[in-house]
RNA sequence: GCUGCUGUAGCUCAGAGGUAGAGCACUCCCUUGGUAAGGGAGAGGUCGAGAGUUCAAUUCUCUCCAGCAGCACCA
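Numbering (the numbering used here), first residue to last: 24 to 682.
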């Protein structure tokens, strides 16, 4: 038998018989290592302890100390153990796939009856039994026919289909423990007992299409989470609770920011508090954009279908538009608005986006190259008929307002405009409390228009722009639009969740379709490029993110109710009103609370309402013309003179761009 | 849109085939109290909408609407 040389992480090499398995290698090193080992890394590939190594290789034996392989294996093995448990309890359930995901795994089953929470408990119990049985995990390469026979005999049509999707020439491997087999490329642990029995939890069951395809049957997906130990699991469950506490729908109600109701699904009724946040944010963005060289415009809501046909949106997206049919022959007096005189009906759509309207503004008058780059911004209210199942609080809605802008420019201005936008966005995110964000660069897709040379140029311009402002990006090859590449901006919130908000997209297509042009230096007409860009995305969604990020405790300048001045005794009422008046004069949103309630009660109520500052006024303060300051989240209070607090809160109330 | 679940007072939720209950919030009264709920009284509901079964439906059945979780979708 031929010999191969295996090189260990410490640089030492040893010879073994070809076909040696990591299990044998580990055994040759020490008994304890072979017991602890969970997998190997062979030439950088994650390698099962049972797989033979046939050529000279580098090798590292992994144990539970190695986070990445450990978590991968724990979760993947749990997927198998769960599927086995399910089939042991309900033998007629059909299995499909069960990949590792985020903090755990899921497995999709086909079963007539829905799984109940009690079922999950039973499955979990059976899983623990399987783990405690310490069943050896075995694997073998099978032929395609063997596997097909096996799954045909056992009545597993989904598995047969999955088998058929494995490309010709690839190894087909079966894994099993106990009586239970699964088609799987591995690797897996050495035995089921290597899975920590107290560090996983079945979370919920929901529906998912087979292979993610909405024309295929709906399956039941059971989600589980798993970690290396019980503490990590606990930490994760605490994180979930934390996220739940921040839910903007809950906080929106508690802080009286907005509500939604049946008659207007997916649309927001902003209350005074919420609208204060909204307008503060919008005023801020308006100033930033003005300073950033944008010209603000406003365009119509109800636009004839003709424009959407011209832009190409009607063809592709009409089912996602709110269509408004109007009988224009109505006399305007005793008409029935729903009556349709087909000969005089005009079909409009509520605008789902602003771009075509912006091109209309650009198209007015003759544009010169001297006008470029022309940056047209709009807080554009859009309506999209989102599928009912997509709606989510104010995060995903049917009526929303984008902080939209379109930059009309020449090809050689793209890079500078892109760099300029990244800086703009970075500054805004910073000021709004999101110092960290990630850029994802989506490049040319398979199906596209335009020459390779122009794609080369435009992609190069974006890449250079990112470099010019000293930032990194991750590449998403093939994810661009059919007409141009784009950048998506993902910010990270206070508990580490990432949200896509900003976008920057290069579009030579729409100017073409809608006939935009400018007169160049050469006196000829040229096509401008159009750069779509948004920083917040939509105000609705961004405010949702702000609420969740700050757990409702918005920065002072954004807080809807900034200060409550609370009386302790009613003799203080006049002075309370005076303090409120002074604060109001200084630009602070202050209100008086002179209700006949104890100070404890008022403090509690306004704390729950996330008011950042409570000023308490009793006899002492009236006498000394001071206030007692209590900041949200602090138990400590401090006494300050009226003049001082007015000036310091006045400063706090100033938006970051005006400091 | 799909699968499952849910819909009872402003909010959070209990309840039962014979037309409803709690806590908080609200209104009024007492209380002027020094930093996260002072006491008392009162008012408040076509039980998501429609249809069916029944002597009787908010309760059971069906349809619709909306919400929640996930999937699919997100120009």
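Beta carbons are placed, not taken as given, at the ideal position from N, Cα and C, and that holds for glycine.
Helix, strand or coil at residue i [DSSP, three-state]
i, result
"residue 85", "strand"
"residue 287", "coil"
"residue 133", "strand"
"residue 124", "strand"
"residue 648", "coil"
"residue 69", "strand"
"residue 167", "helix"
"residue 561", "strand"
"residue 271", "helix"
"residue 540", "coil"
"residue 461", "strand"
"residue 497", "strand"
"residue 43", "strand"
"residue 512", "strand"
"residue 612", "coil"
"residue 680", "helix"
"residue 573", "coil"
"residue 483", "helix"
"residue 585", "coil"
"residue 643", "helix"
"residue 633", "coil"
"residue 188", "helix"
"residue 655", "coil"
Residue i CB to nearest heavy atom of the ligand ATP below 7 Å
i, result
"residue 677", "Absence of the ligand ATP from the depicted structure is noted, as is the absence of any ligand whatsoever, leaving it without description."
Buried versus exposed, by CB contacts within 10 Å (16 or more), residue i
i, result
"residue 521", "exposed"
"residue 505", "exposed"
"residue 302", "exposed"
"residue 85", "buried"
"residue 613", "buried"
"residue 188", "exposed"
"residue 54", "exposed"
"residue 206", "buried"
"residue 267", "exposed"
"residue 119", "buried"
"residue 649", "buried"
"residue 140", "exposed"
"residue 421", "buried"
"residue 271", "buried"
"residue 497", "exposed"
"residue 631", "exposed"
"residue 318", "exposed"
"residue 485", "buried"
Residues near residue i by beta carbon distance below 8 Å, same chain, minus five either side
i, result
"residue 26", "38, 39, 40, 41"
"residue 644", "595, 598, 650, 651, 662"
"residue 750", "Examination of residue 750 is not possible in this model, given that the chain is present from 24 through 682 alone."
"residue 573", "456, 517"
Close-in-space but distant-in-sequence residues of the same chain around residue i (CB under 6 Å, 5 per side omitted)
i, result
"residue 605", "669"
"residue 142", "none"
"residue 103", "205"
Own chain, CB closer than 7 Å to residue i, minus 5 neighbours either side, in chain order
i, result
"residue 212", "61, 96, 100, 160, 218"
"residue 470", "505"
"residue 3", "The requested residue 3 does not occur in the structure, where the chain is confined to residues 24 to 682."
"residue 628", "none"
"residue 472", "505, 506, 532"
"residue 73", "44, 46, 162"
"residue 340", "375"
> Which runs of the alpha helix (DSSP H), 4 residues or longer, sit entirely within the region 303-361?
Replying inline: You should have 328-334, 336-340.
> Are the region 577-584 and the region 544-563 touching, with three or more C-beta to C-beta distances below 8 Å?
Replying inline: Touching, no, given that fewer than three Cβ pairs across the two stretches are closer than 8 Å.
>> Below 8 Å, how does it come out for the region 253-260 and the region 234-241: are there three or more Cβ pairs, yes or no?
In response: No contact exists between the region 253-260 and the region 234-241.
> How do the region 487-494 and the region 419-436 stand: do at least 3 beta-carbon pairs fall below 8 Å, yes or no?
Replying inline: The answer is no - the region 419-436 does not touch the region 487-494, with fewer than three Cβ pairs under 8 Å.
> If you pair each beta-carbon of the region 372-385 with each one of the region 321-329, do three or more pairs fall below 8 Å?
Replying inline: Because the criterion of three Cβ pairs below 8 Å is met, the region 372-385 and the region 321-329 touch.
> If you pair each beta-carbon of the region 171-190 with each one of the region 147-158, do three or more pairs fall below 8 Å?
Replying inline: Short answer: they don't touch.
> Does the pairing of the region 562-576 with the region 384-401 give three or more beta-carbon distances under 8 Å?
Replying inline: No, the region 562-576 does not touch the region 384-401.
> Which whole runs of the beta strand (DSSP E) in the region 386-437 are 3 residues long or more, in chain order?
Replying inline: Correct list: 397-406, 422-432.
>> For the structure I just gave you, are there three or more beta carbon pairs, one from the region 457-465 and one from the region 501-517, closer than 8 Å?
In response: Yes, the region 457-465 is in contact with the region 501-517.
> Which ranges does the alpha helix (DSSP H) cover as unbroken runs of at least 4 residues, wholly within the region 205-284, from first to last along the chain?
Replying inline: Runs found: 253-268, 271-277.
>> In chain order, what are the residue ranges of uninterrupted alpha helix (DSSP H) at least 4 long that sit wholly in the region 133-162?
In response: Segments of the alpha helix (DSSP H) lying fully in the region 133-162: 140-156.
> Using 8 Å as the Cβ pair cut-off and three pairs as the minimum, do the region 287-306 and the region 401-421 touch?
Replying inline: Touching, yes.
> Is it true that the region 65-79 meets the region 115-132, where meeting means three or more beta-carbon pairs spaced less than 8 Å apart?
Replying inline: Taking a cut-off of 8 Å for Cβ pairs, the region 65-79 and the region 115-132 do not touch, as fewer than three such pairs fall below it.
>> Closer than 8 Å is the cut-off here; do at least three beta carbon pairs connect the region 431-438 with the region 540-556?
In response: Three or more beta-carbon pairs drawn from the region 431-438 and the region 540-556 are found closer than 8 Å, and the two stretches are therefore classed as touching.
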